[in-house]
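Undergrad:
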Amino acid sequence: MNSGKFILYTVVVLFTLLAPFIMPDFKTQLATLWLMIIVALTWDMTGGQMGYNSLGNIFFYGTGMYVAAVICIALTHDVGAYTNAFSDQVYVFSNAEYFTGVMIGILGAGVFCSVCALIIGYLTFGLRGPYFAIGTLGVAIAAGELVSNWDWVGGGQGISLPVFPYDLELGKIFFYVLFAATGVLLFIFLRWLYTTRFGAAINAIRDDEEKAEAMGIHTLRYKLTTWSIAAFFIGVVGGISAFQLIHFEPLETAYQTINLGIFMVVCVLLGGKGTLWGPVIGAIVFHLFKEVTWNYLLGWQWVALGALIVITVVYFRDGIMGWLMSVRPEWFGIRVEKKSGEAMGEAGT
Amino acid sequence: MSSIIEIRNVSKNYGGVVANKAISLDVEQGTITGLIGPNGSGKTTLFNSIVGYHPIDSGSICFEDREISHIQVQDIARLGLIRTFQQTRIYKAMNCVENMLISLPHRKMRFLEAFSRNSATDFENADRLLEFVGLYEKRFLMAGSLSFGQQKLLEFAMALMNEPKTLLLDEPTAGINPTLINGLIDRLLRANREFGITLFVIEHNMRVIMNLAQKIYCLAHGELLAQGTPGDIQNDQRVIDAYLGAH
Ligand SMILES: Nc1ncnc2c1ncn2[C@@H]1O[C@H](COP(=O)(O)OP(=O)(O)OP(=O)(O)O)[C@@H](O)[C@H]1O
Ligand SMILES: [Mg+2]
Numbered sequence: 001m002n003s004g005k006f007i008l009y010t011v012v013v014l015f016t017l018l019a020p021f022i023m024p025d026f027k028t029q030l031a032t033l034w035l036m037i038i039v040a041l042t043w044d045m046t047g048g049q050m051g052y053n054s055l056g057n058i059f060f061y062g063t064g065m066y067v068a069a070v071i072c073i074a075l076t077h078d079v080g081a082y083t084n085a086f087s088d089q090v091y092v093f094s095n096a097e098y099f100t101g102v103m104i105g106i107l108g109a110g111v112f113c114s115v116c117a118l119i120i121g122y123l124t125f126g127l128r129g130p131y132f133a134i135g136t137l138g139v140a141i142a143a144g145e146l147v148s149n150w151d152w153v154g155g156g157q158g159i160s161l162p163v164f165p166y167d168l169e170l171g172k173i174f175f176y177v178l179f180a181a182t183g184v185l186l187f188i189f190l191r192w193l194y195t196t197r198f199g200a201a202i203n204a205i206r207d208d209e210e211k212a213e214a215m216g217i218h219t220l221r222y223k224l225t226t227w228s229i230a231a232f233f234i235g236v237v238g239g240i241s242a243f244q245l246i247h248f249e250p251l252e253t254a255y256q257t258i259n260l261g262i263f264m265v266v267c268v269l270l271g272g273k274g275t276l277w278g279p280v281i282g283a284i285v286f287h288l289f290k291e292v293t294w295n296y297l298l299g300w301q302w303v304a305l306g307a308l309i310v311i312t313v314v315y316f317r318d319g320i321m322g323w324l325m326s327v328r329p330e331w332f333g334i335r336v337e338k339k340s341g342e343a344m345g346e347a348g349t
Numbered sequence: 350m351s352s353i354i355e356i357r358n359v360s361k362n363y364g365g366v367v368a369n370k371a372i373s374l375d376v377e378q379g380t381i382t383g384l385i386g387p388n389g390s391g392k393t394t395l396f397n398s399i400v401g402y403h404p405i406d407s408g409s410i411c412f413e414d415r416e417i418s419h420i421q422v423q424d425i426a427r428l429g430l431i432r433t434f435q436q437t438r439i440y441k442a443m444n445c446v447e448n449m450l451i452s453l454p455h456r457k458m459r460f461l462e463a464f465s466r467n468s469a470t471d472f473e474n475a476d477r478l479l480e481f482v483g484l485y486e487k488r489f490l491m492a493g494s495l496s497f498g499q500q501k502l503l504e505f506a507m508a509l510m511n512e513p514k515t516l517l518l519d520e521p522t523a524g525i526n527p528t529l530i531n532g533l534i535d536r537l538l539r540a541n542r543e544f545g546i547t548l549f550v551i552e553h554n555m556r557v558i559m560n561l562a563q564k565i566y567c568l569a570h571g572e573l574l575a576q577g578t579p580g581d582i583q584n585d586q587r588v589i590d591a592y593l594g595a596h
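Protein sequence lines, in the order shown, are assigned to chains W and H. Using this note's numbering, the first residue of the first sequence is number 1, and each one after it goes up by one. Using this note's numbering, the first residue of the second sequence is number 350, and each one after it goes up by one.
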């Protein structure tokens with residue numbers, strides 16, 4: 001690691017640790033920022049690094065919410081009775097029950113979602129390009145509809161979870177830490193993964209899947225593994241969101257295909273597909289843009305967002321990172337190689 | 350000597366087009382075998398059938414005495430039977446070294462080994478083989494920026510990186526600068542002799558295939574027209590007619 005990178009990482013780590021204390025009024029927004037970073041990074045695993053543009057990753061977010069909630073409730077109560085809208089029974093969770101439920105619920109959500117990804121992936125990875133995108137979107141939409149008609153998990157009303165048992169501000173810090181820790185873990189994991197043979201293999205699938213097959217790469221195995229890891233992390237943040245939001249409903253919050261489901265794609269396109277930092281930068285810029293327009297351009301916020309998407313797609317195809325790479329290739333170690341290569345090439349031919 | 354590839358009565362139609370009709374041929378272990386024929390005579394189709402790229406209509410294809418006509422592309426590749434493409438397929442957005450490293454033989458790798466970085470030996474092998482095909486100087490250039498001929502050489506090097514037992518090459522000299530063709534013939538011979546790779550080569554350039562192959566098969570209109578040593582083929586009137594279009 002060179003000194004520039006060292007400084008960068010130090011600043012990022014310090015900001016991550018101190019942000020909720022420097023900006024105490026924005027704890028929830030900061031937590032949401034981490035959520036955006038995580039869903040963008042996981043979307044890019046398949047969309048950017050492997051060339052499979054899923055529009056259905058929100059399925060794992062929604063499913064993560066439900067699985068975490070059901071696990072947390074089921075550990076101490078009867079789920080069907082708990083979610084019964086007509087019952088006026090009050091359900092109590094002790095502090096120990098609450099935190100056990102949160103932790104097991106979140107992890108269970110991750111594991112459940114990664115198994116779902118294996119199954120859905122097995123059925124949909126035969127689809128290419130737009131067919132995969134629409135196929136996965138279909139899964140997410142169908143799941144939202146099914147769940148909203150399933151009374152055992154609260155039907156269209158959704159589920160209300162117990163509230164954080166201590167001070168509310170402390171609760172905000174608690175959820176910030178959960179999101180930030182997941183995000184940091186995911187970032188470190190991906191930073192390593194993309195330098196391995198595994199990373200190279202999924203890039204090969206993106207660049208020419210037929211060639212990869214002809215060279216004997218186990219393409220399906222790589223695709224399933226990648227998506228299942230992504231789904232684990234999305235399921236985990238879905239679970240965290242469930243406890244943070246306290247109440248959630250199936251279509252507006254959990255399986256919110258047109259909000260978060262699309263935002264994660266926009267973040268990646270904005271920041272730069274297929275790069276490690278692109279999704280992070282994209283999520284930060286997008287989140288700032290969204291907070292500002294939602295607060296100061298009320299009524300026009302969706303128009304502004306639409307304009308941002310159009311401008312990105314039309315003028316910044318490769319996103320912020322792609323643009324940076326083209327104007328400052330030396331920052332990415334590209335120029336050095338290219339220069340020496342070119343010089344030798346000239347001498348050689 | 351025994352056959353490593355054994356093709357019996359293989360037919361393949363595309364809609365109404367009979368691309369291959371009851372073809373039978375053998376590729377002997379350790380040799381270089383040629384496949385020639387005018388444009389559209391069904392050579393690439395036969396390669397595609399062998400590597401499982403499409404299902405065949407009838408017949409049997411064996412690799413190392415094992416029926417492979419119902420096996421998928423990737424599984425056949427992992428048996429050590431690798432092909433290169435007539436239209437050249439490389440990973441254009443990566444540099445040559447990265448292209449080489451991606452081509453490591455996955456059949457010799459356990460899945461968990463994918464979760465590690467490439468070893469120093471892998472890098473050495475990549476450099477050595479790039480040197481072997483004459484692309485060492487260009488190794489850090491984006492593969493997509495190479496000329497068509499250089500991309501062919503890179504694809505050949507990638508195939509060697511995969512350590513195949515048998516390599517099917519679809520027109521390896523197409524697009525290669527004529528002054529470099531002798532060098533390429535020499536490398537193909539070395540790949541065969543030094544690395545022990547059986548080669549099955551489609552080639553349009555008669556001079557190349559006559560210098561390379563021990564046995565040559567000639568297709569015309571999807572059928573096997575002639576077979577024999579380069580000498581036999583060169584003097585076969587049917588082959589001469591087919592190439593002159595008098596068939
Ligand atoms: N995918 C396809 N769909 C339909 N017809 C095809 C297809 N591929 C090849 N053909 C037809 O099958 C016949 C044999 O084609 P093939 O590509 O095998 O010939 P070839 O001997 O490799 O020719 P060339 O020397 O031009 O590469 C041709 O008539 C061709 O038009
Ligand atoms: Mg051909």
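All residues carry an ideal CB built from backbone N, CA and C; glycine is no exception. A quick note: this is a predicted structure, and the numbers were derived from the prediction, not measured.
In this structure, does DSSP put W:L8 in helix, strand or coil?
TA: Working through the first sequence from its first residue, we reach residue 8 of chain W at position 8. W:L8: helix per DSSP, three-state reduction.
Undergrad: Return the residue from the list W:K223, W:S241, W:R206, W:F59 that minimises the CA-CA distance to W:K273.
TA: Within the first sequence, the letter at position 273 stands for residue 273 of chain W. Considering only alpha carbons, the answer is W:R206.
Undergrad: Taking only beta carbons into account, state which residues of the region 207 to 239 of chain W come closer than 9 Å to chain B, listed in chain order.
TA: Among the chains of the structure shown, chain B does not appear; the protein chains present are W and H.
Undergrad: Let's see if you can read the secondary structure: which residues bound the alpha helix (DSSP H) around W:V153?
TA: Position 153 of the first sequence, counted from the start, is the residue given in the question as residue 153 of chain W. Premise fails: W:V153 is in no alpha helix (DSSP H) and is neither H nor E.
Undergrad: Please list, in chain order, the chain H residues whose beta carbon lies closer than 9 Å to that of W:A201.
TA: As a working mapping, residue 201 of chain W is identified with position 201 in the first sequence. In chain order: I451, H455, A463.
Undergrad: Quick one: what does DSSP say H:E572 is sitting in, helix, strand or coil?
TA: As a first step, residue 572 of chain H is located in the second sequence; it is residue number 223 there, counting from the start. Reduced to three states, the DSSP call for H:E572 is strand.
Undergrad: Would the beta-carbon of H:K501 fall within 8 Å of that of H:A523?
TA: The residue labelled residue 501 of chain H in the question sits at position 152 within the second sequence. The residue labelled residue 523 of chain H in the question sits at position 174 within the second sequence. Cβ atoms of H:K501 and H:A523: closer than 8 Å.
Undergrad: Can you pull the chain W residues whose beta carbon is under 8 Å from the beta carbon of H:A523, in chain order?
TA: Taking the second sequence and counting its residues from 1, one reaches residue 523 of chain H at position 174. Neighbours of H:A523 on chain W: none; closest Cβ ~18 Å, over 8 Å.
Undergrad: Ligand 2 heavy atoms versus the CB of W:Q244: any closer than 7 Å?
TA: To locate residue 244 of chain W, count along the first sequence from 1; it is residue 244. No - ligand 2 has no heavy atom lying nearer than 7 Å to the Cβ of W:Q244.
Undergrad: If you measure from the CB of H:A575, is any heavy atom of ligand 1 nearer than 7 Å?
TA: The residue given as residue 575 of chain H occupies position 226 in the second sequence. No, ligand 1 has no heavy atom inside 7 Å of this Cβ.
Undergrad: Taking buried to mean at least 16 other C-beta atoms within 10 Å of its own C-beta, is W:K290 buried or exposed?
TA: In the first sequence, the residue the question calls residue 290 of chain W occupies position 290. Per the 10 Å Cβ criterion, buried.
Undergrad: Taking its Cβ as the centre, do 16 or more other Cβ atoms sit within 10 Å of W:T349, making it buried, or is it exposed?
TA: Reading the first sequence from its first residue, position 349 is the one you call residue 349 of chain W. Any reading at W:T349 must be qualified, since the residue scores a pLDDT of 30, below 50, and its modelled position is unreliable; the value itself is stated next. Its Cβ having fewer than 16 others within 10 Å, W:T349 is exposed.
Undergrad: Identify the contact partners of H:E512 in chain W, using a Cβ-Cβ distance below 8 Å as the criterion.
TA: As a working note, residue 512 of chain H is residue 163 in the second sequence. Neighbours of H:E512 in chain W, taken as residues whose beta carbon is under 8 Å from its own, are absent, since the nearest beta carbon is some 10 Å off.
Undergrad: So for H:N358, helix, strand or coil by DSSP?
TA: The residue given as residue 358 of chain H occupies position 9 in the second sequence. Of the three classes helix, strand and coil, the one that applies to H:N358 here is strand, per DSSP.
Undergrad: Compute the beta-carbon to beta-carbon distance between W:A180 and W:W34, rounded to the nearest angstrom, for a pair I have assumed lies under 8 Å.
TA: Here residue 180 of chain W is taken as the residue at index 180 of the first sequence, counted from 1. Here residue 34 of chain W is taken as the residue at index 34 of the first sequence, counted from 1. 5 Å between Cβ atoms; contact.
Undergrad: Applying a beta-carbon distance threshold of less than 7 Å, which residues of chain H neighbour W:A204?
TA: In the first sequence, the residue the question calls residue 204 of chain W occupies position 204. By Cβ distance, chain H contributes Y440, I451.
Undergrad: Below 8 Å between beta carbons: does that hold for H:M449 and H:M510?
TA: As a working note, residue 449 of chain H is residue 100 in the second sequence. As a working note, residue 510 of chain H is residue 161 in the second sequence. Against a cut-off of 8 Å, the Cβ pair of H:M510 and H:M449 comes out as a contact.
Undergrad: For W:V67, report the span of its beta strand (DSSP E) as first-last.
TA: Numbered from its first residue, the first sequence carries residue 67 of chain W at position 67. First-last for W:V67: 58 to 74, but that is the alpha helix (DSSP H), not the beta strand (DSSP E).
Undergrad: Tell me the residue span of the beta strand (DSSP E) that contains H:E377.
TA: As a position in the second sequence, residue 377 of chain H is number 28, starting the count at 1. Note, H:E377: beta strand (DSSP E), 366 to 377.
Undergrad: Please list the terminal residues of the continuous beta strand (DSSP E) segment that includes H:I410.
TA: Residue numbering aside, residue 410 of chain H sits at position 61 when the second sequence is read from its first letter. Segment 407 to 412, the beta strand (DSSP E) holding H:I410.
Undergrad: So H:N467 contacts chain W; which residues on that side make the cut at Cβ distance below 7 Å?
TA: Against the second sequence, residue 467 of chain H aligns to sequence position 118. In chain order: R197.
Undergrad: For H:E473, return the contacting residues in chain W, with the cut-off set at a CB-CB distance below 8 Å.
TA: Counted from its first residue, the second sequence places residue 473 of chain H at position 124. Per Cβ cutoff of 8 Å: no residues; H:E473 is ~16 Å from chain W at best.
Undergrad: Can you pull the chain W neighbours of H:Q423, defined as C-beta to C-beta under 9 Å?
TA: Counting from one through the second sequence, the residue named residue 423 of chain H turns up at place 74. Neighbours of H:Q423 on chain W, chain order: A212, E213, A214, M215, G216, I217, H218, T219, L220.
Undergrad: Hey, which residues come within less than 6 Å of ligand 1, measuring from Cβ to any heavy atom, in chain order?
TA: H:Y363, H:V366, H:A368, H:G386, H:N388, H:G389, H:S390, H:G391, H:K392, H:T393, H:T394, H:Q435
Undergrad: Please classify W:A347 as buried or exposed, where buried requires at least 16 other C-beta atoms within 10 Å of its C-beta.
TA: Walking along the first sequence from the start, residue 347 of chain W turns up at place 347. The predicted position of W:A347 is uncertain, since its pLDDT is 33 and thus under 50; a value taken from the coordinates is nonetheless stated next. Answer is exposed; the Cβ neighbour count stays below 16.
Undergrad: Applying the criterion that 16 or more other CB atoms from any shown protein chain within 10 Å of the CB defines a buried residue, is W:M65 buried or exposed?
TA: Translated into positions along the first sequence, residue 65 of chain W becomes position 65. Looking at its Cβ environment, which holds 16 or more other Cβ atoms inside 10 Å, W:M65 is buried.
Undergrad: Can you list, in chain order, the residues of its chain whose CB lies under 6 Å from that of W:I202, leaving out five sequence neighbours each side?
TA: Within the first sequence, numbered from 1, the residue matching residue 202 of chain W stands at position 202. Result list for W:I202: Q49, M50, Y222, T226, in chain order.
Undergrad: Between the region 81 to 91 of chain W and the region 254 to 270 of chain W, do three or more beta carbon pairs fall short of 8 Å?
TA: Contact between the region 81 to 91 of chain W and the region 254 to 270 of chain W is absent, because fewer than three Cβ pairs lie under 8 Å.
Undergrad: Buried or exposed, going by whether 16 or more other CB atoms sit within 10 Å of the CB of W:V236?
TA: Within the first sequence, residue 236 of chain W is the residue found at index 236, counting from 1. By the neighbour-count rule (16 or more Cβ atoms within 10 Å), W:V236 is buried.
Undergrad: Report, in whole angstroms, the separation of the C-beta atoms of H:E552 and H:G401, which I expect to be a contact under 8 Å.
TA: If you number the second sequence from 1, residue 552 of chain H lands on position 203. If you number the second sequence from 1, residue 401 of chain H lands on position 52. A Cβ-Cβ distance of about 23 Å is found for the pair H:E552 and H:G401, leaving them out of contact under the 8 Å criterion.
Undergrad: Of all the CB atoms in chain W, is at least one closer than 8 Å to the CB of H:E413?
TA: Mapped onto the second sequence, residue 413 of chain H falls at position 64. Cβ-Cβ to chain W under 8 Å: no for H:E413.
Undergrad: Mapping the DSSP letters down to three states, classify W:V92 as helix, strand or coil.
TA: Within the first sequence, the letter at position 92 stands for residue 92 of chain W. Note: W:V92 maps to coil in three-state DSSP.
Undergrad: Which term fits W:G158, buried or exposed, when burial requires 16 or more other beta carbons within 10 angstroms of its beta carbon?
TA: In the first sequence, counting from the first residue as 1, residue 158 of chain W sits at position 158. The residue in question, W:G158, is buried, as its Cβ has 16 or more Cβ neighbours within 10 Å.
Undergrad: Helix, strand or coil for W:K290 per DSSP?
TA: The residue labelled residue 290 of chain W in the question sits at position 290 within the first sequence. Helix at W:K290.
Undergrad: Could you check where the alpha helix (DSSP H) with H:R384 kicks off and where it finishes?
TA: Position 35 of the second sequence, counted from the start, is the residue given in the question as residue 384 of chain H. The amino acid occupying residue 384 of chain H in the given sequence is Leu; Arg does not appear at that position. Per DSSP, H:L384 belongs to no alpha helix (DSSP H); it is in the beta strand (DSSP E), 381 to 385.
Undergrad: Hey, could you find the ends of the alpha helix (DSSP H) W:L33 is sitting in?
TA: Against the first sequence, residue 33 of chain W aligns to sequence position 33. Element bounds for W:L33: 27 to 47.
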